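This report refers to the structure that appears directly beneath it.
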Amino acid sequence: MGTSILNIGASGLAAAQAGLLVTGHNIANAATPGYSRQALVQATNSPQFLGGSYFGQGTNVSAVKRIYSQFLAAEAASAQSRVAQLETHSGELAQINAVLADPNAGLSPALQDLFKSVQELAASPASIPARQAMLSSAQALTERFRSLDTRLDELREGVNAQLVSGVDSINASAREIASLNERIVVAQAVAGGRPANDLLDQRDALLAELNGQVRVTTSAQSDGSVNVFIGNGQPLVVGVQASQLRAVQDALDPSRLDVAFQLPTGGAVPLQESLLTGGAIAGLLAFRSASLDSAQNALGRIAMGLAQTFNAQHRLGQDLNGALGGDFFVMPAAHAFAAATNAGSAVLQASITDATLLGASDYRVTALGGGNFSVARLSDGAIVASGALPAGFDGLSVSLASGAANAGDSFLIQPTRSGAHDIALAFTDVRAIAAGAPLRTQAALANSGSATISAGTVTSVTGLAGAAPHIAVPLTLTFDAAAGRFDLSGALAGTLAYDPATESSGKPFSLAALGGFEFTIAGVPADGDVLTISSNDNGTADNRNLLALGALQTARPLLAGNASYQSAYAQLVSEAGNDGRELDAALAAQRSLEQTAHDALASVSGVNLDEEAANLMRYQQAYQAAGKIIEISGKLFEELLAIAR
Amino acid sequence: MRVTTSMIFDTGVATLQRQSASLLHTQQQVATGRRLLTAADDPVAAARALDLTQAREINAQQLANQDAGRAALGLAEAHLTGAQDVIESMQARLVQAGNATLSRSDLASIAQDLRAGFAQLLANANATDGNGDYLFSGYQGRTRPFSGSVEGGVNYNGDDGVRALHVAASRDLPVSLSGADVFARIRDGNGSFATAAASGNTGSGVIDGGNLVAGYDGHRYTITFAAGGGGPEYSVEDFDPATGASTSSGPFAYTAGAPIPLGSGAIEVTVTGTPAAGDRFTVAPSSQVSVFDVLGRAIQALDAATTDAAGRARLANALGEVRGALSGSLDGILSARAAVGSRMTEIDALAATGGDLKVRYESMLSQLQDVDYAEAISRLTQQQTSLEAAQKSFLQVTQLSLFKFL
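From first to last, the protein sequence lines are chains S and H. The first sequence lines up with residues 1393 to 2037 when you count with this note's numbering. The second sequence lines up with residues 116 to 521 when you count with this note's numbering.
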């Protein structure tokens, strides 16, 4: 009986000591990330049947249990993965927003400066300093385009660098999880299937870290290991084997890296972006395809639209040397890439037919075999053209430059990606600014009638020589009163009907063969009165073309006639801003979800120091009490010896 | 719910961070004075602010263009006023030259004055702006618009180009004048028709400028004198340029100073003095002459003047033609000045509107993107207070521990 009391006391002492150990462990790890509190699983020993009754035999510690909920942990990991994605996307997008909408660093001030300098030159069109000012502000505008584009390129490089480090971190986590799997399997086998709590916590922390990079799914195995899958079931960790991911260059676009699954055989299979649904990696990919590409394309589109429309008007003018104006900006080119994996040799050529009709999307061309292709717009997936090349769509023309394509070959068309980078000034000679118009009009001084001819507008360069004089012989309009018409002679032959009785308030004419010249005749000409249209030689004080260039500022030449340069840019800013706002709202919502999930998990698994303090006292008292039992058992034995003595 | 120690710390820290972030945002708004720190703060307002900024800049540029236009017009006006003074003084000299008692040398000295006036007028017409560009040569800023001399005549080398400036939305205001319009498109005579005496006239007949009674038909009339039985008589040839037909009427008896009706009385001219047989006077539609041609004719007539009766009549006829054209020139310059004046008035009106718009744009922009300091600072204080409360309560809650009592 005495032995039994001693044994009971000893078992209580041992259990209380174990309890103190577990409590101490909990206290020590209260601040360890990913730590799940542990609890003692204590049970009574099998009772002994003695004298017709069962007598308890004390206590034993059956296990140290990890307080943990698989379900809540999965919830928390999923929420955390989504938060990491949104945080990354929103953080990167904020950088675009900061650059675009800055009142000093954005495109707007540079654009306004250009038109300001155009207007200032219009006040004194022959002034060399004013011409230099206009060239300088145009130069500043191209620099601004380029610096915005460079900033976006830096973000793209940043995405690549983060993808590389993200993939490295995934690989490291995967290796550690595999090695923890191995240790857990061994440890639990040795312990007869009892959980290796701290190793499990370590593995769960690694899984959480992995989820921060990319969303993974896990499946627990009976031996204690977990298998980890990525994407649509690519095994990242199976038992003790870890696979590897790699950041590889995109087959179509060499400037971007993709996440690929490394095959044991050596190759790598790119994981589709849509399969990577959470974590920082997904945030980076989403930022790149949803925000960065479209912002850079939209910026390039503005640059190309500006170059095309400004050039078109500038070419209708006459420079200080008397020559017709040339291009003002270098028109950026569209780019086409063939996939590195293509079996055929086809090289595609993309060219801009009308920059004002361009969209902000890239296009994927797929060879269908037999010389046929299909062109898909990446922004909405619509097939915009199919059949043999060349194909024209969205202000763009795609043709086969050389070679032949095999069925399944694919190509990427980036019409506007490099627009903002490639726009540049076409000349540096201040005299080459076409301020005037190439033609001028005059009513002969000897006219006795009151006919006047307007200054007129040149709408094309048809029939105009590049250098002065643009028309060798002036066009003379001689009024024939009897026939009610002007007879043309000189540069053109023919007649223009004009009835002074009804049309003296002004009748518009257009000469398609002569610069598409549009002018108005008004007043009452006398018979034989002469009006002339001649080359504007020495017309250095003429500012008509500058006024036309200046009018482009408020015209709506872009987006198929729906947007001015400024409003196209404002649209870009507002789109990026709206995206940022949506992301911030989604992030705030997701953060509170994550907080809830995290709290729910912490509520189950976390350590409460007050609780541990209470446990400390409980086990301490239990220990003291068990000690007393042993003491009493000793005393009983003494009593027994005293009786015998 | 079971609360864990790390929850107390994590939640507390997260709350503090959230509050700090709001506080920082408000602080940045106050520090920069901008409500919109990035486009994401208010995408619609950000885009609208960009558009408004452009509108404000365009308005500012139009104000600058108005100033440039005002300067250019002011310069042109100064030279027009100079030209007007010259022509007015020459008109006075021409009236003086009409005095039949002047001697040959008096006429020569008037001719000398006119030559000086001619040179002065030429200088006005060839005026340049601050850049050395000619004011009145149309588009050809580097081409001297008027060149020539009294004897050789003056040519206009410029063109009809008129430079405009963009002074308001869809308003390109002309800020220059073509020299042809100001100096070279003078309608001689009375604007409808001009009278002239043939250069070979030998009598003392002087024709006046004529009188428009009903409406001029555009025909050319030639009045030819002959020695009739009872004194000079004349016949009239009526030439219609539209048909090329000519009809003759007369002879009629001549009475000095009596109106001679032409074109069925639509116009009438008066001849005074005694025309000799064979003397001819013509009436033709007004043509366009330059002020320099007109002055040149006057100077040459004065230079060639003789003091006999026929000579005085030739001078009187020549000066009569010139006076009509010169008052036409003055009208041309006056109307050019009026045009300049009305454009400057227009600029003033536009500048007033532009000034208003400037204020309006500034206030709209300010509403969109500037921070409301009263609101922002009270928000800052509120956020500061709540952050302090969070900090204090965090401290208190985290200080609670059972271990303190162990």
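Here a beta-carbon is modelled for each residue, glycine too, at the ideal position from N, C-alpha and C. Note that this is a predicted model, so its numbers are computed, not measured.
Taking 8 Å as the CB threshold, Asp-248 of chain H lines the interface with chain S.
Judged by DSSP in its simplified three-state form, His-140 of chain H adopts helix. A straight line joining the alpha-carbon of Thr-1451 of chain S with that of His-1990 of chain S spans about 36 Å. For Glu-436 of chain H, the uninterrupted alpha helix (DSSP H) segment begins and ends at 424-484. Glu-490 of chain H counts as exposed, since fewer than 16 other C-beta atoms from the protein chains shown sit within 10 angstroms of its C-beta. Per the coordinates, the alpha-carbon of Ser-1852 of chain S lies some 36 Å from the alpha-carbon of Gly-447 of chain H.
The C-beta of Asp-275 of chain H comes closer than 8 Å to at least one C-beta of chain S. Beyond the five residues adjoining it in sequence on each side, Ser-1771 of chain S comes within less than 6 Å, by CB distance, of Ser-1753 in the same chain, given in chain order.
Annotation for Asp-1814 of chain S: the continuous alpha helix (DSSP H) segment containing it runs 1811-1814. Taking C-beta separations shorter than 6 Å and ignoring five residues to either side along the sequence, the partners of Phe-407 of chain H in its chain run Val-269, following chain order. Three or more Cβ pairs closer than 8 Å define a contact, and the region 1745-1760 of chain S falls short of that threshold against the region 1563-1582 of chain S. Contact between Ala-164 of chain H and Gln-484 of chain H is confirmed by a C-beta separation of about 5 Å, below the 8 Å threshold. In this structure, Val-1922 of chain S lies away from Ser-1896 of chain S, with their beta-carbon atoms at least 8 Å apart. Residues of the region 250-261 of chain H with a Cβ closer than 8 Å to any Cβ of chain S, in chain order: Ser-252, Gly-253, Tyr-254, Gln-255, Gly-256, Arg-257 and Thr-258. At least one CB of chain H lies nearer than 8 Å to the CB of Arg-1832 of chain S. Annotation for Phe-509 of chain H: the continuous alpha helix (DSSP H) segment containing it runs 488-514.
Asp-353 of chain H: member of the beta strand (DSSP E) spanning 346-355, first to last residue. DSSP places Tyr-1427 of chain S outside both helix and strand once states are collapsed to three, so it counts as coil. Of the candidates H:Glu-203, H:Ala-170, H:Ile-202 and H:Ala-226, H:Ala-226 places its Cα closest to the Cα of Ala-212 of chain H.
Listed as beta-bridge partners of Gln-1524 of chain S by DSSP are no residues whatsoever.
A direct Cα-Cα distance of roughly 14 Å separates Ile-462 of chain H from Gln-176 of chain H.
In this structure Gly-1811 of chain S does not touch Leu-1831 of chain S by the C-beta definition: roughly 33 Å separates them, more than the 8 Å allowed. The region 1486-1503 of chain S and the region 2013-2026 of chain S do not touch, with fewer than 3 CB-CB distances between them shorter than 8 Å. For the region 1836-1900 of chain S, the continuous alpha helix (DSSP H) assignments of 4+ residues that do not extend past its boundaries occur at 1892-1895, in sequence order.
In the three-state scheme derived from DSSP, where H, G and I count as helix and E and B as strand, Phe-1785 of chain S is classed as strand.
With contacts defined by Cβ atoms closer than 8 Å, Ser-1617 of chain S and Gly-1631 of chain S form a contacting pair.
If you check each beta-carbon in the region 471-487 of chain H against every beta-carbon of chain S, none falls closer than 7 Å. Between Val-1790 of chain S and Val-1767 of chain S, the gap from beta carbon to beta carbon is short of 8 Å. Residues of chain H with a Cβ closer than 9 Å to the Cβ of Asn-1928 of chain S are, in chain order, Tyr-254, Gln-255, Asp-274 and Gly-276. Within chain H, not a single residue places a beta-carbon under 7 Å from that of Ser-1902 of chain S; the smallest gap is close to 19 Å.
Within the region 293-305 of chain H, Ala-295, Ala-299 and Arg-300 place their CB atoms closer than 8 Å to a CB of chain S, listed in sequence order. A residue is called buried once 16 or more other Cβ atoms fall within 10 Å of its Cβ, and Met-116 of chain H, having fewer, is exposed.
Ala-154 of chain H and Gln-1688 of chain S have their C-alpha atoms spaced approximately 16 Å apart.
Gly-320 of chain H sits close to Val-386 of chain H, with the two beta carbons spaced by under 8 Å.
Listed as beta-bridge partners of Arg-1948 of chain S by DSSP are no residues whatsoever. Thr-385 of chain H sits in a strand when the DSSP states are folded into three classes.
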